[in-house]
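Step one of this worksheet: look at the structure below.
Residue numbers (the numbering used here), protein chains in the order written: chain A, 1 to 223; chain B, 1 to 10.
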């Protein structure tokens with residue numbers, strides 16, 4: 001564990017807590033994309049399939065349970081909670097998740113690390129699911145970014161949520177650089193490239209978020 | 001059995 005990775009995990013945790021805070025306290029999910037939340041639930045479900053078989057540390061298991069629990073409860077709130085669901089604007093959330101999931105699944109079948117880790121006991125299925133979750137996480141924010149462009153006035157909590165979600169993967173990139181230089185043969189192109197793509201997708205959001213913070217004006221993304 | 005080193009990350 002290094003400071004970049006711990007900071008990344010805490011930022012990720014904070015993003016989830018900000019969203020849960022928004023939904024649970026003001027009982028509103030205005031401006032939040034249900035499609036992105038559902039994609040994230042799939043990301044965690046497919047990434048943590050081995051939560052009960054491969055134990056790493058109390059921290060690791062606890063964080064996995066938190067991410068699984070929070071992502072599924074956010075989806076539940078937005079779909080079934082009688083008050084929250086009313087504030088969900090499905091006409092603005094029109095991105096079709098399958099056009100993201102299918103290519104990621106095909107790509108995971110074609111390009112995964114199973115071939116370099118032949119001696120590993122992990123089953124091919126787990127490898128493919130884990131790789132699928134990496135690719136899917138890289139693009140899972142797209143429905144939310146599209147929705148932000150359509151939503152004229154983005155409220156602060158939503159803006160902070162997206163910012164923290166983007167920042168966590170940027171911190172992970174620093175973690176991978178750190179681990180590359182401190183641990184021999186720590187090379188994971190698949191994770192690095194998908195993590196880089198994920199962070200680059202936030203580039204324009206970061207720019208407008210920084211501008212709104214610097215000029216102290218409301219955050220707005222150009223349509 | 002050996003575990004994929006990458007799996008130690010979330």
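Where a beta carbon is used, it is the ideal one built from N, C-alpha and C, also for glycine.
### Nearest-angstrom Cα separation, counted from residue 172/A out to residue 72/A
23 Å
### Task
Identify which residue in 9/A, 92/A and 108/A has its Cα closest to the Cα of residue 67/A.
Here the closest residue by C-alpha is 9/A.
### Task
Answer with yes or no whether the minimum CB distance from residue 10/A to chain B is below 7 Å.
no
### Query
Would a C-beta distance cut-off of 7 Å place residue 127/A and residue 112/A closer than the cut-off?
Contact flag set, yes.
#### Entry: Sub-7 Å separation of residue 208/A and residue 221/A beta-carbons
yes
### Query
To which residues of the same chain is residue 198/A closer than 6 Å at the C-beta, ignoring the five residues directly before and after it?
138 and 169
### Assumed close pair residue 161/A, residue 18/A - CB separation to whole angstroms, cut-off 8 Å
5 Å
### Message
For residue 14/A, which residues in the same chain have their Cβ closer than 8 Å to its Cβ, ignoring the five residues on either side in sequence?
### Response
164
### Message
DSSP three-state label for residue 187/A, please.
### Response
coil
### Query
So what's residue 220/A in DSSP terms, helix, strand or just coil?
coil
### Nearest-angstrom Cα separation, counted from residue 47/A out to residue 204/A
28 Å
### Query
So, does the CB of residue 62/A fall closer than 7 Å to a CB anywhere in chain B?
no
#### Entry: Own chain, CB closer than 6 Å to residue 114/A, minus 5 neighbours either side, in chain order
124 and 127
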